[in-house]
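In what follows, a structure is listed as structure tokens, so that the remarks can point back to it.
Here is the structure:
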């Protein structure tokens, strides 16, 4: 029984991390209709900026704010300078550009910050909490991760559902021409969307890094799992991203914990889960409409 | 081919005449013959060696320091005249611990850099990807930095490949015997890397304590969530955990155990136990909760080489001098000591291969004389025509702070069901400047 609880809680924590990353993907998809493969290395870049500040003696919170701000700037610059020129062409062009960007940013991190394996601090504890005399694998750090992800999700839902800016962003992403005719400043909205997505991405990068180890490619595995989580959830639903992440985290933890040689089966299982979900609900679990394409 | 060789000789003669008169002079006198470009990668005044290491990525911590140790040793060796007045050139390339990249960089080393021999290529999965290629090409593949049995147990399959460090099976046997003798009531859990490393170690350890083992959990390198595996060891009631894992997974297993409130006696195999490295990785978490190497304090491990904390060991003193004189930035670390010790054995092999070495002659030299070489490694190598296995002995140590203290002196064994024996030979002392002086054993 204890074992089941341990495996479950480990899976939930891990799932929240996938959710954090999936949220960033959902945000950029909703606001620009582009799948951004560079999201992971952009988040890694800002995480390394934060690490450099912490190593220079700044507090975690200062580093967090600087990382989020530089995430916004980085996202906006990427949109203006790199994505904008290819935006008018076929959809695939922009996606391929983000793939190139993914490699380029990762290489730049290695050049600037070195490629060694380093520990990333967390403002909260890494020991499991004591509940009724026994320790459960839920640390203050994992509570911080879970709390932050839920807050970000709520903010995103509010942004898209209740604000004019959110509506304008969705309109710009959905159909640029119509939005422009209705008076929406489409260019600005796209830049804003990239900037905000990069902020959420940076936050997820920092949450994932806290209390564990980072190196320039540390987001690679999470990119895959984050994508799977986002697609399970339907790619345009913030709630779906959270649920997708949790389903994936739990399922992978059970596979790892209960299947023979489970650790080796984790990656394959992620693919199996993805295929099953897509077979049953091609649009993902939380897709609002079917086959809505711009 | 002939033209290329001739061209190389010409260019090196020119270079030699310009800068290195005294060295060139003593070469002719000392060896009794002329230095010749006797094989690929050997010129009149240089020998070129190559290697692959993970300089980036998840396996890089620690391991990326090894080539800097090798380089420092060869630098000092070259300043003292090299091998038969040949300078040793050492070219190493980054494979990021990714077998695909290992294949690529090894191709470059062999075909483009035209190395004479490989030396110290690191990693089981990585080196497995190139061992066939190297043997097909007839490139001596010295001292693979991995304890897999593959490198030495079947010399007829891989005639050019040699192991160096204690193999994982022998290590597992020595650990198993120690637990059986000293912790007969322990419920043992195994934390294993899911490849040859974990398998060989498990096979060795089960020879002695099969009935004490309550769980064997395997992790896949790259999957950094080991929560379910550590939780399973805890659930099985293991109060003594033996890890056959790489250093980053020592850190991950310690962090996960903290989360689970799990506190068994830990025993990390040699590969994963460097206290400075693991402590360095763990020391920045959450003010005061995980400080310095204290998490590893009291953990057991094995040793086959002196470590940097043993400042009164004459080998460490020599290596420290070499690092100060010929090394780069940073401190002397155990990984750099490992690199220097491998470079020392390589120097022995090159000397034994004679004044004008060939690739086949180098292999013959190691098979003929290698088992008699003394050096920083505690126990002798097992090299012969029938075995290319490296050293076979290990001591057992307890980690205290950033160092360790011996709890059981060196014992030696071999793969399979060979017995474990105590080993009472006096430790070798380093020759002058830590430069070996082996006679040529090749005609």
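Protein chains in written order, with our numbering: chain U, 16 to 309; chain A, 33 to 475.
Even for Gly, the Cβ is constructed at its ideal location relative to N, Cα and C.
On a predicted model such as this, the values are computed, not experimentally measured, just so you know.
A residue is called buried when at least 16 other Cβ atoms come within 10 angstroms of its Cβ; residue 100 of chain U does not meet this threshold and is exposed. In the DSSP assignment, residue 403 of chain A is bridged to no other residue. Per DSSP, reduced to three states, the secondary structure at residue 228 of chain U is strand. For residue 29 of chain U, the chain A residues whose C-beta falls within less than 9 Å of its own C-beta are 257 and 259, listed in chain order. Interface flag for residue 457 of chain A against chain U is unset, since no Cβ pair is found closer than 8 Å.
Annotation: residue 111 of chain A has no Cβ neighbours in chain U at a cutoff of 8 Å; minimum Cβ distance is about 29 Å. The C-alpha of residue 70 of chain U is placed about 28 Å away from the C-alpha of residue 127 of chain A. In summary, residue 176 of chain U is exposed, with fewer than 16 beta-carbon neighbours lying within 10 Å of its beta-carbon over all protein chains present. Straight-line measurement puts the Cα of residue 351 of chain A at about 31 Å from the Cα of residue 284 of chain A. Comparing alpha-carbon positions, the option among U/195, U/52 and U/26 lying closest to residue 108 of chain U turns out to be U/52.
Rounded to whole angstroms, the separation of the alpha carbons of residue 430 of chain A and residue 441 of chain A is 12 Å. Boundaries of the alpha helix (DSSP H) around residue 137 of chain A: 131–139. Listed in chain order, the non-local C-beta contacts of residue 372 of chain A below 6 Å within the same chain comprise 101, 105 and 351, local neighbours out to five positions each way being set aside.
DSSP places residue 80 of chain A within a strand segment (E or B) once states are collapsed to three. Closest in alpha carbon position to residue 54 of chain U, among U/229, U/242 and U/125, is U/242. Within the DSSP bridge table, the entry for residue 428 of chain A names A/334 and A/440 as partners.
For residue 58 of chain U, the closest Cβ of chain A is not nearer than 8 Å. DSSP places residue 94 of chain U in the helix class (H, G or I) of the three-state scheme. Here the segment 459–468 of chain A makes contact with the segment 337–351 of chain A; the two share three or more CB pairs at distances below 8 Å. For residue 187 of chain U, the nearest beta carbon of chain A is not closer than 8 Å to its own beta carbon. Secondary structure at residue 168 of chain U: helix, using DSSP grouped into helix, strand and coil. Rounded to whole angstroms, residue 314 of chain A and residue 282 of chain A show a C-alpha spacing of 10 Å.
Distances from the alpha-carbon of residue 347 of chain A to those of A/364, A/332, A/334 and A/278 put A/364 closest. Assignment of beta-bridge partners to residue 298 of chain A by DSSP yields A/273. Within chain A, no C-beta atom comes less than 9 Å from the C-beta of residue 65 of chain U; the nearest is roughly 13 Å away. Under the 8 Å criterion on CB atoms, residue 226 of chain A is classed as interfacial with respect to chain U. Close to chain U, meaning a Cβ-Cβ distance shorter than 7 Å, is no residue of the segment 118–129 of chain A at all. Straight-line measurement puts the Cα of residue 277 of chain U at about 41 Å from the Cα of residue 377 of chain A. The DSSP-derived three-state label of residue 422 of chain A is coil. Contact annotation: the segment 139–151 of chain A touches the segment 66–80 of chain A, with at least three C-beta pairs closer than 8 Å. Along the segment 361–376 of chain A, there is no position whose C-beta sits under 7 Å from a C-beta of chain U.
In the structure shown, residue 87 of chain A adopts coil according to DSSP, grouped into three states.
Annotated as distal: residue 260 of chain U and residue 301 of chain U, with beta-carbon spacing of 8 Å or more.
Nearest C-alpha to residue 66 of chain U among U/224, U/262 and U/237: U/224. Excluding the 5 residues flanking it on each side, residue 307 of chain A has same chain C-beta neighbours closer than 6 Å at 325, 328, 431 and 434, in chain order. In the structure shown, residue 225 of chain A adopts extended strand secondary structure according to DSSP, grouped into three states.
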